[in-house]
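K.L.:
Residue numbers (our numbering): 72 to 227.
In structure tokens, the structure reads:
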């Protein structure tokens, strides 16, 4: 019997020689952040033809969602959200998409932590206030010069 120790120094006894991704061995927590590879059901992985068909289907559906997201970048709609949704669909089957999503999640988390930094927040508040003051001054100049008249009705 083989016994291995994990990072915490506890002994983990594997229940199978090669566990299938998605299975949870006793004593080991299932961490989707560490798990790479296909998340297809076991009966689909059992047949190479069925698994290849599954991968093609996942790729086509993910591609359709990503293309819809790209269109939504120029049309009304949540473009980036839909693109990341398509990437999440691809990540259910492809390791490269899982790695891209991990990198993206890490960068978004870093940006969120940076935005919560008091110095950065203070700078952002000051810049926003300056921007709003500039917009208010420009709006005041426009109203002083033209009154409340729509721009397309201004006579030269």
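For glycine and all other residues, C-beta sits at the position ideal for the given N, C-alpha and C.
Could you tell me the distance, in whole angstroms, from the CA atom of residue 196 to the CA atom of residue 120?
P.N.:
Cα to Cα, the separation comes out at about 57 angstroms.
K.L.:
Give a yes or no on contact between the stretch 161-174 and the stretch 124-142, applying the rule of three or more CB pairs nearer than 8 angstroms.
P.N.:
These segments touch.
K.L.:
What is the residue span of the alpha helix (DSSP H) that residue 109 lies within?
P.N.:
Residue 109 -> no alpha helix (DSSP H), and no H or E assigned at all.
K.L.:
Could you pull the start and end residues of the alpha helix (DSSP H) that residue 229 belongs to?
P.N.:
In this structure the chain extends from 72 to 227, so residue 229 is not present and cannot be described.
K.L.:
So residue 128 packs on residue 141, CB below 8 angstroms; how close in whole Å?
P.N.:
The pair is not a contact, with the Cβ atoms about 21 angstroms apart (cut-off 8 angstroms).
K.L.:
Alpha carbon to alpha carbon, how far is residue 153 from residue 145?
P.N.:
So the alpha carbons of these two residues sit roughly 13 angstroms apart.
K.L.:
If you reduce the DSSP assignment to three classes, tell me which class residue 149 lands in.
P.N.:
Note: residue 149 maps to coil in three-state DSSP.
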